[in-house]
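Just so you know, the sequence shown maps onto residues 126 to 398 in my numbering. Everything on this sheet refers to the single structure shown next.
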Amino acid sequence: MKSNEISDEEYEQFQHTLQECCGIVLGENKRYLVMSRLNAVIREININSVSALLNQFKSDVGLRIKVVDAMTTNETYWFRDRHPFIILKKEIFPSLEKRGITKARLWSAACSSGQEPYTLSMMASEYLSGYSKLKKIEIIATDISSSVLNKARQGCYDEMDISRGLAEDQKKRYFDVRDGMWNIKNELKQRIRFTEINLMKTYSPLGKFHVVFCRNVLIYFSTNLKKDIISRIADTLEPDGYLFLGGSESMASYSDRFETVRYQGGIVYQLKR
126 MKSNEISDEE
136 YEQFQHTLQE
146 CCGIVLGENK
156 RYLVMSRLNA
166 VIREININSV
176 SALLNQFKSD
186 VGLRIKVVDA
196 MTTNETYWFR
206 DRHPFIILKK
216 EIFPSLEKRG
226 ITKARLWSAA
236 CSSGQEPYTL
246 SMMASEYLSG
256 YSKLKKIEII
266 ATDISSSVLN
276 KARQGCYDEM
286 DISRGLAEDQ
296 KKRYFDVRDG
306 MWNIKNELKQ
316 RIRFTEINLM
326 KTYSPLGKFH
336 VVFCRNVLIY
346 FSTNLKKDII
356 SRIADTLEPD
366 GYLFLGGSES
376 MASYSDRFET
386 VRYQGGIVYQ
396 LKR
């Protein structure tokens, strides 16, 4: 076996260890992707082989963080799927206002490099620019990857990043261009707090939320872990709070604590009283 290959036994061990530390379930069909990303880590830190990396992975916290960073997809773009953000602005914010809420709290779980929470902040700015009893919208953005959180905090994107999902007027309104890089304006940054969270761990330090975006995340977890995560998200929600899942995800049989609310363009799950 070549030094940059992985045996059946090593792959099985890696599957188990990765699921244990961050909940990600890797099927056999992910083997090529796993090898590609592990070899990138090997080149970066100059380890001799995949076998050596896997042995060190078990005990080296710093290496484990690098491997988890490499294995998480972090695929994202502005206004991803679009309709959840339209529903948020046109339906959810007005419903919170009608209930007399003056400060709304949103959680962007698995926020990756920041496109989702900054898009939420754009929607907040647009809604608050009109007459509204909502006076403040706060966004908590979390991810397991420290490297993508650092990028998100900086709010600095290149031409490739900025080209995915934004209209020209939004680019002009919400970004400053310096040295060929697009920088999020402070107005959007000030509304967001980024923090590292493993969805397998406790959410209690985050507080309570009126809206949670947990999109395109549950597909990576086992059935039992999906049920656990949804249950604990429900615990973070204020009465009648809302949960947005990804376009390919559904509540299915994972929880009976939500009811499905259908809007034009999509659905949202609302916590039952």
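Here a beta-carbon is modelled for each residue, glycine too, at the ideal position from N, C-alpha and C.
- Annotated three-state conformation of T361 is helix, per DSSP.
- Across the structure, A277 and M248 are spaced so that their CA atoms are roughly 18 Å apart.
- Under the three-state reduction of DSSP output, G187 falls in the helix class.
- As a beta-bridge residue in DSSP terms, Y367 pairs with V336, Q395.
- Measuring C-alpha to C-alpha distances from L331 to each of S257, W232, N341 identifies W232 as the nearest.
- For K261, same chain residues with a beta-carbon under 6 Å away, outside a window of 5 residues either side, are K228 in chain order.
- The continuous alpha helix (DSSP H) containing M248 extends over residues 240–253.
- Excluding residues up to 5 positions away in sequence, G280, C281, F300, D301 lie with their Cβ nearer than 7 Å to the Cβ of N308 in the same chain.
- Buried is the label assigned to S246, since at least 16 other Cβ atoms lie within 10 Å of its Cβ.
- In this structure, S254 keeps its C-beta atom at 8 Å or more from the C-beta atom of T201.
- In the structure shown, L231 falls within a strand segment according to DSSP collapsed to helix, strand and coil.
- T361 and K397 do not touch by the CB rule: their CB atoms are close to 15 Å apart, not below 8 Å.
- About 5 Å separates the CB atoms of Y379 and K352; that is less than 8 Å, so the two are in contact.
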